[in-house]
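Number of protein chains: 4
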Amino acid sequence: MTKVAILGASGYSALELIKILLRHPHAQISVLGTRREDNPDIAEVHPVLKDRLHLECTSLDPKEIASRAECVFLALPHKASMALVPELMEQGCRVIDLSADYRLTDSAVYEQWYNTPHVDPVHLSQAVYGLPEIDDGSIATAQLIANPGCYPTSAILALAPFVQSDCIESTDIIIDSKSGVSGAGRSLKLTTHFPECNESVAAYAIGMHRHTPEIEQLLQRVGKQAVEVIFTPHLIPMDRGILTTIYANPVSPLQGKDAFEILESYYQDKPFVRVMETLPSTKFSVGTNYCDISVRMVRGRLVIISCLDNLIKGAAGAAVQNFNLMYGHSETLALI
Amino acid sequence: MTKVAILGASGYSALELIKILLRHPHAQISVLGTRREDNPDIAEVHPVLKDRLHLECTSLDPKEIASRAECVFLALPHKASMALVPELMEQGCRVIDLSADYRLTDSAVYEQWYNTPHVDPVHLSQAVYGLPEIDDGSIATAQLIANPGCYPTSAILALAPFVQSDCIESTDIIIDSKSGVSGAGRSLKLTTHFPECNESVAAYAIGMHRHTPEIEQLLQRVGKQAVEVIFTPHLIPMDRGILTTIYANPVSPLQGKDAFEILESYYQDKPFVRVMETLPSTKFSVGTNYCDISVRMVRGRLVIISCLDNLIKGAAGAAVQNFNLMYGHSETLALI
Amino acid sequence: MTKVAILGASGYSALELIKILLRHPHAQISVLGTRREDNPDIAEVHPVLKDRLHLECTSLDPKEIASRAECVFLALPHKASMALVPELMEQGCRVIDLSADYRLTDSAVYEQWYNTPHVDPVHLSQAVYGLPEIDDGSIATAQLIANPGCYPTSAILALAPFVQSDCIESTDIIIDSKSGVSGAGRSLKLTTHFPECNESVAAYAIGMHRHTPEIEQLLQRVGKQAVEVIFTPHLIPMDRGILTTIYANPVSPLQGKDAFEILESYYQDKPFVRVMETLPSTKFSVGTNYCDISVRMVRGRLVIISCLDNLIKGAAGAAVQNFNLMYGHSETLALI
Amino acid sequence: MTKVAILGASGYSALELIKILLRHPHAQISVLGTRREDNPDIAEVHPVLKDRLHLECTSLDPKEIASRAECVFLALPHKASMALVPELMEQGCRVIDLSADYRLTDSAVYEQWYNTPHVDPVHLSQAVYGLPEIDDGSIATAQLIANPGCYPTSAILALAPFVQSDCIESTDIIIDSKSGVSGAGRSLKLTTHFPECNESVAAYAIGMHRHTPEIEQLLQRVGKQAVEVIFTPHLIPMDRGILTTIYANPVSPLQGKDAFEILESYYQDKPFVRVMETLPSTKFSVGTNYCDISVRMVRGRLVIISCLDNLIKGAAGAAVQNFNLMYGHSETLALI
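Protein chains in written order, with our numbering: chain D, 979 to 1314; chain F, 979 to 1314; chain A, 979 to 1314; chain G, 979 to 1314.
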């Protein structure tokens, strides 16, 4: 039984993490952290947890956390994570960070996109990007996991097979993503106020979304070549789910069935990627840790569709998948 | 052409008011007021108005407003209205107040439900409750209209025919209302954050909602008898619309067709009440100034259903209907 | 390991049943039945099941089903269930019927509300109503379970403590229910066509809904007294969830805290009823087997709110809860 | 006053047409046609019209229609339109056809995409494509208008300024569209059954949608050059609205402000296109006849966003705009 802490417990990713870990036979939630000073029971913060978990949310210091938990999940905003990680790791904790702080290996790129200096370059260089489907075995022994962003997971899983097999022009990729509103978090904003975003769809942050360099970095690593993408996220009036539509040019003519086979063979042993002929709806994967992928050829161009639950495969589910690999459990434990 | 001002222009009721008045042949919007100090163009505040109205939102004092507008619509929170009304009226403006400040004739009742003293008892005593369907002719000459609340409109219109004809037990009425989220306004709250209220329904303020005394006061006036209601509002994951389900006991046995006839004859000359045999959906009336009403008898008890658009018949549409009556126009002008 | 069959596998309740049973350590789905003649894989019928269950949907006769499964879940429309039950039971199967066919003990009442004669009075007299929270121990040994309706579960659980303790007028109860659209099933109808029911709320079947006699029968049994209810269901634009608002008169004055205590003590040992002071949203219980209940006193009248997931606690989850009791497992197995 | 007929009156486009024409001072709806043989009043077909229009829906022959109406709006499926148009025109009616039957000038292209021969090539050659913003004056005198599709309107309006000014590579255009569910019509399908499409997003008909050749034909005409597009439509869980995201390559480097100016100058005199710096949400234009367009440059590539209401600017509103031009009225009459 591994004792785990979850910091940033009041958010949506943390809630999913709690729900998954409550079903995990080898994990025990021993610490929940929030910034609230009144130490509320978690069921006050997330009423859905009433009678399922009784635990006070506290604001402990890293030493105390480390005394009560081996593994710490950070469901914090960026900047907050890198302020805590050094001490937590010094205390011997293994950390799974769901923020963006340790995803970009180059701190200059981090500073450019997040407008803040990276204060923990030492651990940044040790962090392992926790996308199990493209992992080289590093996750199992990692002390610090940078858990992937939701959009990057949907884009990277759709593109990795094609980039790795060198069959698309890697600097001319268009990624058009559609996300449910929970992706914008639990903080109040006019854009996520119900009467504003309900019954409406909008693009946002065109050309400026911070997941852009994350997608490119990972695909570059997979493809060992320069990658450039145009990434356009959209907000969809639904709670959960991301559908990503990708347009790419094959370097040489490709048939639909060959494209399908590239996907299928890449993911044949991966339990959480479902390659399907039917075009997936986000509803197929919402509430699960699956990423569903399909592909079509249109006028010689690849159109790839991938769907996942932004809070599960795009956040909490992936974090538990990483946890399973780090602690030697079956990759799918508590996730199916 | 009547020049009109709309104060509180950034809210949802004000937006509907603007859209209706833009189509009104005898009204011209000459002042828009908000608390914002940067004097934004209204199309910045409500992008849907781009190219339809160019007007700066200002924070004028009552004297300046009166110099530019004859009639002032107040789409302000309670308390803010009664702080402005005395001066506006002194300057000679006629006022249509969409807040609750002048709805309850007894200032003690106001103070009990709104937890604040009423600071303008003089005008309170002159205010006319602006529900045209139960009006005795006072609206036409009123200087100050208390525009009805959205829930009260749906409840009063459904009950008035039965209360007036003395055919139900007026102290044993149950009103179960279901409202779209725009009814909660444009201010940010966790309960109206999309991922919290989407795909969910909840009751709130049971036994404590401030529309309760308003409903009772009006039905007492209509029925000339004591009225007591249990009022339970619910939040429904949709932008607009209220459906109110009412349970009442006939004082003597009543047939369904008689109940229907009571409704039909009461509203035969009222252009905005549609009595129908089919059970109405809120969608029938959303976007219109209609209130749809149907009735059933179940085990000797009346079950009345009424539907309306909370922002139109429940707010801005009713306000223009009052405006039409006050300025001698056809009651339906700009509303059909 | 108990082999189970699910007939009517293409519907929404069956899908939930499959998802729950896939996590059940002592159940194995061995037969899936549909009326489709092309024997599709279940993942074609419910794409969300791709890679989670590979099983052909067949249309076997009862003898074959019985040769492959000990326990049969019937997720069929009414009439279809009672056409199959006699043979299935003759073959030795235990049956959990999610239809209405065995819920009403009096076949005359069944015929009156369902407009069709009951063709299996023999088993009707043996059927056990499968609501574990009010069960007297009969479920454990039952050969045939009549699994409760979704509305009845929400109403009965809210009212049973008060009816049993004789503290409300049992013939003057108003039940106003709000249900998500999945409650209307997977068959196509104009009323559940997205552009018709989205952004809208409507009442339906006022005074005529078939769950009315089921609610009354059970409360009569619990309270040992006549029970009469007015039941009004409403369709809400959301996938899942029921919120039921109940109005009842105490026979003698009751305080809010006493009402709360009646609920709390009744359910203190029931793992799936959460009595809460906060007014529940349906979102608290959607995706779970919980029923959340809260209570308020308004002007001397009880207002009770109960929420549950219509497909889980209102159908498939309750069915597995019954299964657990029938086969000697922990009541909460696979359900938490 | 022009007497008009609307055939196919039971659909969503027809309903919008009726609502707009009821406000039109120079049009009178004199005939409503449906295939229903019971001649229902239109308020039975569309309850929202109760008390707003009393007119029987009939199934008249073209001669009778022509005797009662000068101008006929066809809100019919493809094939049904071209079966009626010859006779209607022979009888002297002017026709505004909202189906696809007269949009593609080349009947071979029609046959290829619609899998049916074109049976009225004579009138096909006379039909005028009714997109007023790119019209050369032909609409005013047309006897037969092919009213544009909803997706094509959003795509063509976004692209026409750039194609006409020869500043993008016209054979490498990606069009990624997101549409509300009313776009799929009022016929029942599993994909538009509420519990299937609510809370979900999906792509469909990738590379095969019939609006593809329509978009290309019009842009070719505007740009006098070959045009090839990849068009991917998506279904979004909302009633109305289309957002189209377009990716195109400038033939020579372009600044964001230049791109904006190309749009602004192209549409400076067009009352229904709003070029805006803010990224539009579909909610800005839903319920109106506006098309909102914005543009960004990302890594040297144009990203254009356009939004409109699929039933108004994408269907009924455009039809009335055409009607206004055909009958010499102000283009915006009844539309603002």
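Glycine is no exception: its CB is placed at the ideal position from the N, C-alpha and C atoms.
Looking only at its own chain, which residues have a Cβ that is under 6 Å from the Cβ of residue i, when we skip the five neighbours before and after it?
i	result
ASP1217(A)	GLY1158 and SER1160
TYR1244(G)	PRO1139
PHE1262(G)	ASP1270
GLY989(D)	ALA1053 and ARG1164
ALA983(A)	VAL1009, ILE1043, ALA1047 and VAL1050
Assuming contact is defined by CB atoms lying nearer than 8 Å, are residue i and residue j in contact in what I supplied?
i	j	result
GLN1299(A)	LEU1313(A)	yes
LEU1033(G)	ILE1074(G)	no
THR1036(F)	ALA1005(F)	no
MET1254(F)	ASP1270(F)	yes
HIS1212(G)	ALA1180(G)	yes
PRO971(D)	GLU1192(D)	What is shown of chain D runs 979 to 1314, which leaves residue 971(D) out entirely.
THR1210(D)	SER1155(D)	yes
SER1318(G)	ALA1293(G)	Chain G is shown from 979 up to 1314; residue 1318(G) falls before or after that span and cannot be answered.
ILE1224(F)	ILE1153(F)	yes
HIS1024(F)	LEU1311(F)	no
LEU1137(F)	LEU1197(F)	yes
Hey, how far is the Cα of residue i from the Cα of residue j?
i	j	result
MET1186(A)	VAL1087(A)	13 Å
PHE1172(F)	CYS1285(D)	21 Å
SER1165(D)	LEU1066(A)	54 Å
ASP1144(D)	THR1012(A)	45 Å
LEU1031(G)	ALA1021(G)	7 Å
ASP1098(A)	LYS1041(A)	18 Å
ASN1017(G)	LEU1027(G)	16 Å
GLY1201(A)	SER1178(A)	37 Å
VAL1251(G)	PRO1228(G)	22 Å
LYS1291(F)	ASP1039(D)	55 Å
What are the boundary residues of the beta strand (DSSP E) that residue i is part of?
i	result
PHE1051(A)	1049 to 1052
ALA1124(F)	1122 to 1124
GLY1011(F)	1005 to 1011
ALA1226(A)	1220 to 1226
LEU985(A)	980 to 985
PRO1156(G)	Note that residue 1156(G) is Lys in the sequence shown, not Pro. Run containing LYS1156(G): 1151 to 1157, per the beta strand (DSSP E) assignment.
VAL1207(G)	1207 to 1213
At what residues does the alpha helix (DSSP H) containing residue i begin and finish?
i	result
SER1085(F)	1085 to 1092
PRO1130(G)	1128 to 1142
VAL1063(D)	1058 to 1068
GLN1104(D)	1099 to 1104
VAL1200(A)	1189 to 1201
Go through its chain and collect everything with a Cβ distance to residue i's Cβ below 7 Å, but skip five positions before and after it.
i	result
LEU1257(G)	SER1272 and ILE1283
LEU1082(D)	TYR1088, PRO1191, GLU1192 and GLN1195
VAL1063(G)	VAL1073, ASP1075, ASP1098, HIS1101 and LEU1122
GLY1070(A)	ALA1044
HIS1056(D)	SER1077, ALA1078, ASP1079 and TYR1092
GLU1309(G)	PRO1110, PRO1249, GLN1299, ASN1302 and LEU1303
Looking only at its chain, what residues have a beta carbon closer than 8 Å to the beta carbon of residue i, apart from the 5 residues adjacent to it on each side?
i	result
GLU1206(F)	SER1148, THR1149, ASP1150, ILE1151 and GLU1194
CYS1175(F)	VAL1159, THR1169, LEU1213 and PRO1215
VAL1281(G)	THR1223, ILE1224, TYR1225, VAL1273, ARG1274 and MET1275
Is residue i near the ligand FAD, with its Cβ less than 7 Å from a heavy atom?
i	result
PRO1055(G)	With respect to the ligand FAD, the structure offers nothing, as it holds no ligand at all.
* What alpha helix (DSSP H) runs, 4 residues minimum, are completely inside the region 1228 to 1282 of chain A? -> Listed in chain order, they are 1234 to 1244 and 1260 to 1263.
* **Residues from the region 1231 to 1256 of chain F in contact with chain B, defined by Cβ distance under 7 Å** => No chain B appears in the structure shown, which is made up of the protein chains D, F, A and G.
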